[in-house]
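See below for the structure under consideration.
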Amino acid sequence: MNNNIKIGLTTVVVILTVLLNGCETTELDVLDDPNNVNPEEANPDFLINQIQLDFNSFIGQVNGIAMDYSRMTHLFGEYFFDPAGLNTAWRLAYADVFEDTILLESVAEEREFYTHAGAGQVMRAYTLVTLVDLFGKVPFSEANDVSILNPKVDEGEDVYAGAMVTLDEAISNLSIENAPPIQEDLYFGDNSRQNWLKLANSLKLKMLVQTRLVNEEASRDGINDLLNEPDLLIENENEDFAFQYLTVSTPNDSRHPSFVANYNNGSTSFMSNNYMNILKSSDDPRLRYYFYRQRTLDPPNNDLPCIDLELELCYIGDGYYGRDHGDGSFTTNGMFNRNTTWGAYPVGGRFDDNSADRTNPEDGGQGEGIRPLLLSSFVEFMKAEAALTLGTVGNAREYLENGIRKSIDKVIPFGDLNENSDTDFTPSQDEIDNFVNTILNEYDDPANSEIEKLDIIITQYHIALWGNGIEAYNNYRRTGLPSAIQGTQVILSTGAFPRVLQYPARTVTLNNNISQQNITNQVFWDNNDENFID
């Protein structure tokens, strides 16, 4: 086990702690050698904060790719991602999250910091599951063993099983009531032990739904075990697992990265026409919260190179100016001033009240957004899918309605960050009810097959996931839904749809036991046909 923590990382945590609560710390003063921290000297609160930061950074490194692949954001040109771009994600997982949680466990066992250890174990399990979901086979049994320089990859189902064991250990630690609390919890705030406990069980639910195609009976039994026990799962907004960003821009920028990229000097990226159209075509009350239009008028034709490309959507109207899936055309003619960009949710941007101004750093919530990881609405959609396809406890229709309403309830308060917005555009309760009832009426149509009902569930889950591309990518590979997702006929330089990501370039170069894989390989839980999706 490697117990080294670099002084730079420790300093980042000290700074963040000061920014969050205004307190001073003298922890570094008592360390004999802060570059070589041993368990006797390590501060559990510093360790858990660093793990929380590194876990969020790891998710951020891979989330953008998944959002492109799942048509949430605009994929530029083709299905290609330079494997060198994944080097940082791999390091964050193996050298940071895993190493520090191992150290934290030894510290916690000695000093009885069981809540810290349990929270770290949940993040380690979450990281393991995410690695499998994205890469398939990954190092596990030989990982983080300093005596093994070239750890082998393990089968994805074995890593999932290991993550389940880690979650059981986390649940055991988090069930100890009198352990010291986490002082600065960057996800749940104060008194977070119960929230981490619910997250551990909700992550189990996610894994069981994810593997339902390859182990139906085990998934059904495991999900029923969770649903038959009250208060095990994330149920409301106060229990949502989401990283909270701040408005501080200096000396360390704590704002949501997508806000920084699109509000500092104009918007730098296009939104997905397909994703915007799914919301716009159904009068979804979340539309003005998800997207901000810098221009409400139709763009001139010279800003629409897609007109000559015979693409499916090109421009969906009313100023919603984005790009089709795979459209590699580009124009700089006022692009940053006119394209639609991220709105109030989840990045802390601007609510769209038809003001149509260019974005700037003082807009909206000024970057005080969230990274949505596992929300109460997500849990409802997972329960709905399980009830429909596996016959688990509960009613799929009720879970569907709960998921939609919880998502809307999560999103609308972000409009309050825009103090000067025109509230006439805030959806009324009647408008929300009509929207939900329209979806439920469609679900109730007796002519609908199970797959058509599942399409409705996954479509609404897809919408609720805005900001979380990883679960959308997982859902698409598992179910082939939403059916409204834009296909490859619009891609200019097409290629096979990536069922997995390629391994990081540095890992392939340095590890003799890892060879680069083909993107058409499939994760163990994806037993669908080779050409199931495109």
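End of the sequence shown sits at 539 in the working numbering; the numbers just go up one at a time, nothing left out.
Beta carbons: idealized from backbone N, C-alpha and C, even for Gly.
With fewer than 16 neighbouring CB atoms inside 10 Å of its own CB, Ala-452 falls in the exposed class.
Judged by pairs of C-beta atoms under 8 Å, the stretch 276-288 does not touch the stretch 254-264, as fewer than three such pairs exist. Taking C-alpha positions only, Pro-432 is separated from Asn-359 by approximately 14 Å. Note on Phe-386: 16 or more other CB atoms within 10 angstroms of its CB, so buried under the neighbour-count rule. Between Leu-218 and Val-528, the alpha-carbon positions lie close to 12 Å from each other.
Around the beta carbon of Glu-406, 16 or more other beta carbons lie within 10 angstroms, which makes this residue buried.
In this structure, the alpha-carbon of Val-134 lies about 11 Å from that of Thr-216. Ranked by how close their Cα comes to the Cα of Asp-230, the residues Leu-213, Asp-421, Glu-244 and Tyr-295 have Leu-213 in first place. Here Met-387 carries a helix assignment [DSSP, helix/strand/coil]. Within its own chain, the residues whose Cβ lies closer than 7 Å to the Cβ of Glu-447, once the five positions on either side in sequence are excluded, are Ile-461, listed in chain order.
The beta-bridge partner set that DSSP reports for Ile-375 consists of Gln-249. If the five residues before and after Ala-89 are omitted, its C-beta is found closer than 8 Å to the C-beta atoms of Pro-509, Ala-510 and Arg-511, all from its own chain and listed in chain order. Between the C-alpha atoms of Asp-59 and Leu-191 there is a straight-line separation of about 12 Å. Around the beta carbon of Thr-443, a 10 Å sphere encloses fewer than 16 other beta carbons of the protein chains shown; the residue is thus reported as exposed. Residues Pro-156 and Val-158 of the same chain have their beta carbon placed closer than 6 Å to that of Pro-144, with the five preceding and five following residues left out of the count. Looking at the DSSP output, Thr-397 sits in no beta bridge, so it has no partner there. Taking the C-beta atoms as reference points, Met-128 is found no nearer than 7 Å to Gly-474. If you compare the alpha carbons of Ala-361, Gly-82 and Glu-367 with that of Gly-353, the shortest gap goes to Glu-367. One thing to note: Phe-419 has its Cβ within 7 Å of the Cβ of Tyr-350. By alpha-carbon distance to Glu-110, the top candidate from Ser-197, Tyr-99, Thr-525 and Asn-178 is Asn-178. For Gly-472, same chain residues with a beta-carbon under 6 Å away, outside a window of 5 residues either side, are Pro-351 and Pro-377 in chain order. Note that the C-beta distance between Leu-80 and Gly-331 is below 7 Å.
For the pair Leu-232 and Asn-206, the CB atoms are not nearer than the 7 Å cut-off.
Closest in C-alpha terms to Glu-455, from the list Ala-391, Leu-470, Asp-329 and Arg-343, comes Ala-391. Here the alpha carbons of Asp-357 and Glu-162 stand approximately 44 Å from one another. The beta-carbon distance between Ile-56 and Val-112, rounded to whole angstroms, is 12 Å. This is too long to meet the 8 Å contact definition.
In this structure, Gly-348 places its C-beta atom within 7 Å of the C-beta atom of Tyr-297. The three-state reading of DSSP puts Tyr-350 in coil, since its state is none of H, G, I, E or B. Linking Ile-53 to Asn-243 through their CA atoms gives a straight-line distance of about 21 Å.
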